[in-house]
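Inspection log for the structure reproduced underneath, given as structure tokens.
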Amino acid sequence: MTKIAHKVFAASLLMSCSYTAAAELVVVVNKENPVEQLSLTNVIDIYTGRYMAFPNGTSAEPVDLPNESSYKENFYFQATGLSLAKINSYWARLKFTGRYLPPIELDTPSDALKYVQKNPNAVAYVDEQYVTDKVKVVYRF
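Going by mature numbering (1 follows the signal peptide of the UniProt record, and there is no 0), the letters in the sequence shown line up with residues -23 to -1, 1 to 118, in that order.
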């Protein structure tokens, strides 16, 4: 295989792997939450602080993962098309005003799911492989 063909193959393999990993992300809420479905706009609004409630008016408590998490990077890129650096910059500006607080940050997808299970207003993004019958999927990427 020529060097160029090898590079093209490697690049396409990497792109397909990242797309596959990203395509498995879902947004979940507590099973008792009356929300059955969110639109992408709803998800963006909740995770960027535009709205602090679900479309039905119930308060929303978004859960985030650490910056080191590839899930976080994939989530924000798929939802907004922005890099994690731009999202972090956005939140830094909002925090500076003192009017907005970013989503709470938990260490792992497992921690995020446990939080959602215990908090009726919580919303989190996780890889679909972690979803159990104790939460409800309201958006799929």
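The beta-carbon is built from N, C-alpha and C at its ideal position, and this holds for glycine as well. Bear in mind the structure is a predicted one, so any value in this text is a computation, not a measurement.
- Query: Excluding the five sequence neighbours on either side, which residues of its own chain have a C-beta within less than 6 Å of the C-beta of residue 27, listed in chain order?
  - Reply: To locate residue 27, count along the sequence shown from 1; it is residue 50. There are no such residues.
- Task: Have a look at residue 47 and residue 4 and give me their C-alpha separation to the nearest angstrom.
- Result: As a position in the sequence shown, residue 47 is number 70, starting the count at 1. As a position in the sequence shown, residue 4 is number 27, starting the count at 1. Rounded to the nearest angstrom, the two C-alpha atoms are 15 Å apart.
- Query: Over what stretch of residues does the alpha helix (DSSP H) that includes residue 163 continue unbroken?
  - Reply: Residue numbering for the chain in the displayed model covers -23 to 118; residue 163 lies beyond these limits and cannot be assessed.
- Message: According to DSSP, simplified to helix, strand and coil, what is residue 20?
- Response: Counted from its first residue, the sequence shown places residue 20 at position 43. DSSP places residue 20 in helix when its eight states are reduced to three.
- Item | contact_flag[the segment 102 to 110, the segment 57 to 64] where n(CB pairs < 8 Å) is 3 or more | Here the segment 102 to 110 does not lie against the segment 57 to 64, with fewer than 3 beta-carbon pairs under 8 Å apart.
- How big is the Cα-Cα spacing for residue 78 and residue 44? Within the sequence shown, the letter at position 101 stands for residue 78. Within the sequence shown, the letter at position 67 stands for residue 44. Between residue 78 and residue 44, the C-alpha separation is close to 16 Å.
- Task: Only counting runs of 3 or more residues, tell me where the beta strand (DSSP E) segments fall wholly within the segment 39 to 116, in order along the chain.
- Result: Here the runs fully enclosed are 99 to 104.
- Just the C-alpha distance for residue 57 and residue 80, rounded to the nearest angstrom, thanks. Within the sequence shown, the letter at position 80 stands for residue 57. Within the sequence shown, the letter at position 103 stands for residue 80. For residue 57 and residue 80, the distance between alpha carbons rounds to 16 Å.
- Task: Output the distance between the C-alpha atoms of residue 59 and residue 70, rounded to the nearest integer angstrom.
- Result: Along the sequence shown, one-based indexing puts residue 59 at 82. Along the sequence shown, one-based indexing puts residue 70 at 93. Distance between the alpha carbons of residue 59 and residue 70 is about 16 Å.
- Message: Please identify the residue among 38, 9, 88 whose C-alpha is closest to the C-alpha of residue 20.
- Response: Taking the sequence shown and counting its residues from 1, the one referred to as residue 20 is at position 43. The shortest C-alpha separation from residue 20 is found at 38.
- Task: Ignore the nearest five residues each way along the sequence and tell me which others in residue 94's own chain have a CB closer than 7 Å to its CB.
- Result: As a first step, residue 94 is located in the sequence shown; it is residue number 117 there, counting from the start. Annotation for residue 94: 7, 111, 112 place their beta carbon closer than 7 Å to its own, counting only its chain and skipping 5 residues before and after.
- Item | DSSP beta-bridge partners of residue 30 | As a first step, residue 30 must be located in the sequence shown, where it is residue number 53. Looking at the DSSP output, residue 30 shares a beta bridge with 36.
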